[in-house]
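K.L.:
Before I ask anything, here is the structure I am working with.
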Amino acid sequence: MTERLYRDDPYRLEFDATVVARRRHRDRPAVVLDRTAFYAESGGQPWDTGTLDGASVVAVVEQEGEILHVLDSPVTDDRVHGRVDGPRRLDHMQQHHGQHLLSRALVEVAAARTVSFHLGAEDVLVDLDRLVSDDELRRAETRANEIVWQARPVTVRIVTPAEAESLLATPIGRLHGAPAPDERAQARSAHALAEAGNAVRLVEAAGFDLQACSGTHPRSTAEVGVVLVLAQERYKGGSRVRFVCGHRALGAMRRRLRALDELGAVLSAGLAELPQAARRLREQLHESDRRGRELLDRALEGEARRLLAEAGSLPAVVARAFDGWTPADLRALAGQLVALAPCVALLGSRAGKAHLVFAQSEGMTHDIGALLREALTLVGGRGGGRGNLAQGGGDRVEGLDEALAKAELAVRTRANRP
Ligand SMILES: [Zn+2]
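Residue numbers 198 to 615, in our numbering, belong to the letters of the sequence shown in order.
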């Protein structure tokens, strides 16, 4: 059984230990030590990283009652010196203790209980058993920060399961309206984790929160720095709240400030005017789009009239290739052509690849789909359609003119048939 040094002193980052067993974990070497300052992943808190002699500790996991220090390379000596990565440990203490404070504040403010907790690489998640309003969430955030700034002592107690049940049911829990049964269940699950099989570890933020927890916590609530709620969403009938504490909160604010500064420079607007400036820009964009479509329609109608005039007798056959036109523009022109006069439109475009749009006016009887499929064989493409409109494209741009010429010939031959 490994002695867990972090339980008594979460600030201890260096230690000497003896290797008591050597294992493999997912193709990597792993060792079991007689004592360790490394936290093994559990209860929503990730493992510590660091080094054992010259090897990097890439994971610390509990497996079949053993704490495995998973290494990137083997250690040879039986006596090893361990170093825990300090910034990562501090980060986990800030986030995890911040979670205790926010969860308690949510019980106090909104009678919302935390049903799960996940300390992620970016932010921290808690899932609540009820949906909380934005206002409740802001009040809970404020309350948690008040407790941080009051620098209340944080202490750890080891008690029996029976003591844990009565402690969690009475002083702080009941005072702040937390129902006892959940916390009894929590005490039992912590009990299940307790190494001696008969001890529960309680973490207390003086006069505010008491929880069964195996994680690493700071000496004072002040070390959490700040609790910053980022977002909430509906989740399984309750709320999922995303937040960050301490240095992560500083980083999150800096990223947001940088983004807002850039937006302000782009939109030439101060912070308070940004939303209005963005809305105005979007409206202008919509108006420009609408105006652009209107002008395009007019231009295409003019082009359609010109092409029909050139084609002469009706029903007309218009076969034409354009450079750089999008399939949408080809469709729009084809639409204008077949609407203005009885007509077969055989349109193509060279825009990176070859695009084809074939159409005919209502009441005409050419097999537009078959014409297109035939044409596509010459541009190396596929596509289809039925009725009066068909479209497709292929990579052989050089085959486009021939494809259009053949389609035109087929239409004219059929039309001239007596
Ligand atoms: Zn905890």
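Note that the Cβ used here is the ideal one computed from N, Cα and C, for glycine as well.
Here's the rule I'm using: 16 or more other beta-carbon atoms within 10 Å means buried, otherwise exposed. How should Q292 be labelled?
P.N.:
buried
K.L.:
In whole angstroms, what separates the C-alpha of E338 from that of A366?
P.N.:
24 Å
K.L.:
Among all residues, which have a Cβ less than 5 Å from at least one non-hydrogen atom of ligand 1, and in what chain order do they fall?
P.N.:
C410 and G412
K.L.:
Measuring CB to CB, does V421 end up less than 9 Å from A409?
P.N.:
no
K.L.:
Quick check on R219: buried or exposed, where buried means 16 or more other Cβ atoms within 10 Å of its Cβ?
P.N.:
exposed
K.L.:
Using the Cα positions of I369 and R340, report the straight-line distance between them to the nearest angstrom.
P.N.:
In this predicted model, I369 has a pLDDT of only 47, less than 50, meaning its place in the structure is not dependable; the value taken from the coordinates is given anyway. For I369 and R340, the distance between alpha carbons rounds to 15 Å.
K.L.:
According to the neighbour-count rule (16 or more other Cβ atoms, all chains shown, within 10 Å of its Cβ), is L325 buried or exposed?
P.N.:
Per the 10 Å Cβ criterion, buried.
K.L.:
Could you tell me if R371 is buried or exposed, where buried requires 16 or more neighbouring beta carbons within 10 angstroms of its beta carbon?
P.N.:
Low confidence applies here, because R371 scores a pLDDT of 37, under 50, leaving its location unreliable and the question unanswered by this model.
K.L.:
Counting beta carbon pairs with one atom in the region 207-215 and one in the region 228-235, are three or more of them shorter than 8 Å?
P.N.:
yes
K.L.:
Please list, in chain order, all residues of the same chain as A237 whose beta carbon is under 7 Å from its beta carbon, the five residues on each side excluded.
P.N.:
W244, V257, V258, E259 and I264
K.L.:
Would you kindly report the start and end of the unbroken alpha helix (DSSP H) that includes V255?
P.N.:
Taken as a continuous stretch (DSSP letters only), V255 belongs to no alpha helix (DSSP H), being part of the beta strand (DSSP E) at A252 to Q260.
K.L.:
I'd like to know if the region 477-497 and the region 442-460 are in contact, where contact means that at least 3 CB-CB pairs between them fall below 8 Å.
P.N.:
Result no; under three Cβ-Cβ pairs closer than 8 Å.
K.L.:
Just to confirm, are E424 and G241 a CB contact at a threshold of 9 Å?
P.N.:
Reading off the sequence, residue 424 comes out as Val, not Glu. No, the Cβ-Cβ distance between V424 and G241 is not below 9 Å.
K.L.:
Please name the residue in L606, E261, G262 and S270 whose C-alpha comes closest to that of S253.
P.N.:
S270
K.L.:
Would A516 and A538 qualify as a contact pair, given that the criterion is a beta-carbon distance under 9 Å?
P.N.:
no
K.L.:
Just checking, does the region 471-478 make contact with the region 517-526 on the three C-beta pairs under 8 Å criterion?
P.N.:
no
K.L.:
Between T352 and the rest of its own chain, which residues show a CB-CB distance below 6 Å, the 5 nearest in sequence each way excluded?
P.N.:
E401
K.L.:
If we ignore side chains and look at the alpha-carbon of each, how far apart do S239 and G412 end up?
P.N.:
8 Å
K.L.:
Is it the case that the region 439-449 contacts the region 315-334, given that we only count it when at least three CB pairs across the two stretches are under 8 Å?
P.N.:
yes
K.L.:
Since I believe L268 is in contact with V255 (beta carbons under 8 Å), could you give me their beta-carbon distance rounded to a whole number of angstroms?
P.N.:
7 Å
K.L.:
Return yes when at least one heavy atom of ligand 3 lies under 8 Å from the C-beta of L364, else no.
P.N.:
The model on display carries ligand 1 but not ligand 3.
K.L.:
Comparing C-alpha positions only, which one of R336, D224 and G279 sits nearest to T246?
P.N.:
G279
K.L.:
Between the Cα of R221 and the Cα atoms of A234, H266 and R201, which residue gives the shortest distance?
P.N.:
H266
K.L.:
Taking the alpha carbon of E333 as the reference point, which residue from S436, L530 and A449 has its own alpha carbon closest?
P.N.:
S436
K.L.:
Assuming G591 contacts K550 (C-beta within less than 8 Å), just tell me the rounded distance between them.
P.N.:
That belief holds up - the Cβ atoms of G591 and K550 are roughly 6 Å apart, short of 8 Å.
K.L.:
DSSP state of K550, grouped into three classes?
P.N.:
strand
K.L.:
Looking at A556 and V541, is the spacing between their C-beta atoms short of 9 Å?
P.N.:
yes
K.L.:
Report the option in R209, T199 and D250 whose CA atom is closest to the CA atom of H414.
P.N.:
Looking at R209, T199 and D250, the one whose alpha-carbon comes closest to that of H414 is R209.
K.L.:
When we look at the beta-carbon of P472 and count the other beta-carbons within 10 Å, is it buried (16 or more) or exposed?
P.N.:
Using a 10 angstroms sphere on the CB of P472, the tally of other CB atoms stays under 16, which defines it as exposed.
K.L.:
In this structure, does DSSP put S417 in helix, strand or coil?
P.N.:
strand
K.L.:
Taking the beta strand (DSSP E) that A621 falls in, what are its first and last residues?
P.N.:
Since the first and last residues shown for the chain are 198 and 615, residue 621 lies out of range.
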